[in-house]
Amino acid sequence: DAGITQSPRYKITETGRQVTLMCHQTWSHSYMFWYRQDLGHGLRLIYYSAAADITDKGEVPDGYVVSRSKTENFPLTLESATRSQTSVYFCASSETTSGKGPGELFFGEGSRLTVL
Amino acid sequence: GESVGLHLPTLSVQEGDNSIINCAYSNSASDYFIWYKQESGKGPQFIIDIRSNMDKRQGQRVTVLLNKTVKHLSLQIAATQPGDSAVYFCAELSGGSYIPTFGRGTSLIVHP
Chain R
2 DAGITQSPRY KITETGRQVT LMCHQTWSHS YMFWYRQDLG HGLRLIYYSA
52 AADITDKGEV PDGYVVSRSK TENFPLTLES ATRSQTSVYF CASSETTSGK
102 GPGELFFGEG SRLTVL
Chain G
21 GESVGLHLPT LSVQEGDNSI INCAYSNSAS DYFIWYKQES GKGPQFIIDI
71 RSNMDKRQGQ RVTVLLNKTV KHLSLQIAAT QPGDSAVYFC AELSGGSYIP
121 TFGRGTSLIV HP
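Here is the structure:
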């Protein structure tokens, strides 16, 4: 199916464990993003990627690692999960159109992570 | 630092009324604005966008107004329906950046 998909949708893990959230898009969009959403904070950017093999930090990158070996995939890894990383994580992508500037972001359905 | 924010965290309206959701931005270099709708348990969905060379843009039952003088953005929803109940976010981009900044969101509650 075309679109952007995240997995898993729900995950419960324990403090100190490594967790990877997957994100896959079928549009070949250049830009991909990871946001976390917490009550009172809205959407906060963790990492983004402008193209394959190009990633950069966002507002709240500490404790997270990303990679982008292929245009369509942008996994987010919590190397050693902490309770403060309990959140809903959204992946998004956007296309770049020459001469038109940035376009809107397309979001996945989210991955709800609970760290015990 | 520069930020995007919303005036009202919660807006309650009656079905059939018009709704207005406001957004203030402080970055004078912002030149592209987007409104998103997020229903419970789902990801944000694009509603409408506007670039800084426009003051108004209309979609289906929605209108976005941009006042660059006072750095204010609004989303108007005509004949609000229960299905419009959601959290609405404004986002802004500036200077050709592809990285949007999101406001905190306004919860719209539509009473039947």
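Protein chains in written order, with this note's numbering: chain R, 2 to 117; chain G, 21 to 132.
Glycine included, every Cβ here is placed at the ideal spot set by N, Cα and C.
On a predicted model such as this, the values are computed, not experimentally measured, just so you know.
Roughly how far, in whole angstroms, is the beta-carbon of residue i from the beta-carbon of residue j, given that I think they are within contact range, below 8 Å?
{"i": "serine 114 of chain G", "j": "alanine 49 of chain G", "result": "4 Å"}
{"i": "glycine 59 of chain R", "j": "leucine 46 of chain R", "result": "3 Å"}
{"i": "tyrosine 56 of chain G", "j": "arginine 71 of chain G", "result": "Going by Cβ atoms, the distance from tyrosine 56 of chain G to arginine 71 of chain G rounds to 16 Å, so no, they are not a contact pair."}
{"i": "phenylalanine 107 of chain R", "j": "serine 95 of chain R", "result": "7 Å"}
{"i": "arginine 18 of chain R", "j": "alanine 82 of chain R", "result": "5 Å"}
{"i": "alanine 107 of chain G", "j": "glycine 125 of chain G", "result": "Going by the sequence as given, residue 107 of chain G is valine instead of alanine. Yes, they are in contact, since the Cβ atoms of valine 107 of chain G and glycine 125 of chain G sit about 4 Å apart, within 8 Å."}
{"i": "aspartate 104 of chain G", "j": "leucine 86 of chain G", "result": "About 21 Å separates the two Cβ atoms, so there is no contact after all."}
Take residue i and list the residues in its own chain whose beta-carbon comes closer than 7 Å to its own, dropping the five residues that flank it on each side.
{"i": "glutamine 101 of chain G", "result": "Glu35, Val130"}
{"i": "valine 66 of chain R", "result": "Thr78, Glu80"}
{"i": "alanine 53 of chain R", "result": "Arg69, Ser70, Lys71, Thr72"}
Enumerate in chain order the residues of its own chain whose CB-to-CB distance from residue i is below 6 Å, with the five nearest sequence positions on each side excluded.
{"i": "proline 120 of chain G", "result": "Ala111, Leu113"}
{"i": "glutamine 96 of chain G", "result": "Ile40, Thr83"}
{"i": "serine 8 of chain R", "result": "Met23"}
{"i": "aspartate 75 of chain G", "result": "Leu86"}
Below 8 Å CB to CB, which residues in the same chain sit around residue i once its five sequence neighbours on both sides are set aside?
{"i": "lysine 12 of chain R", "result": "Val20, Leu22, Ser112, Arg113, Leu114, Thr115"}
{"i": "threonine 56 of chain R", "result": "Tyr48, Tyr49, Ser50, Val67, Ser68, Arg69"}
Evaluate contact between the region 65-79 of chain R and the region 32-39 of chain R, counting only Cβ atoms and requiring at least three cross-stretch pairs below 8 Å. yes
* Asked: Listed in chain order, which residues of the region 35-65 of chain G have Cβ atoms closer than 9 Å to some Cβ of chain R?
  -> Asp51, Tyr52, Ile54, Tyr56, Gln58, Gly61, Lys62, Gly63, Pro64, Gln65
Practice problem: Specify whether the region 21-31 of chain R and the region 38-45 of chain G touch according to this definition: at least 3 beta carbon pairs, one from each stretch, less than 8 Å apart. | Solution: no
Exercise. With 9 Å as the C-beta to C-beta threshold (strictly closer), list the residues of the region 109-128 of chain G near chain R in chain order.
Key: Phe109, Ala111, Leu113, Gly116, Ser117, Tyr118, Ile119, Pro120, Thr121, Phe122, Gly123, Arg124, Gly125
Can you give, in chain order, each stretch of the beta strand (DSSP E) that sits fully within the region 43-85 of chain G and has at least 3 residues? 50-58, 65-71, 76-78
- Which residues, taken in chain order from the region 84-98 of chain R, show a beta carbon closer than 7 Å to some beta carbon of chain G? Phe91, Ser95, Thr97
Quiz item: Which residues, taken in chain order from the region 34-49 of chain R, show a beta carbon closer than 9 Å to some beta carbon of chain G?
Solution: Phe34, Tyr36, Gln38, Gly41, His42, Gly43, Leu44, Arg45, Leu46, Tyr49
Listed from N- to C-terminal order along the chain, which residues in the region 54-71 of chain R have their beta-carbon within a distance smaller than 8 Å of any beta-carbon of chain G? Gly59
Margin query: Can you pull out the residues from the region 68-79 of chain G whose beta carbon lies closer than 9 Å to at least one beta carbon of chain R?
Written below: Asp69, Arg71
- prompt: Can you list, in chain order, the stretches of the beta strand (DSSP E) that have 3 or more residues and sit fully within the region 19-86 of chain R?
  reply: 20-26, 32-39, 43-52, 55-58, 65-67, 77-79
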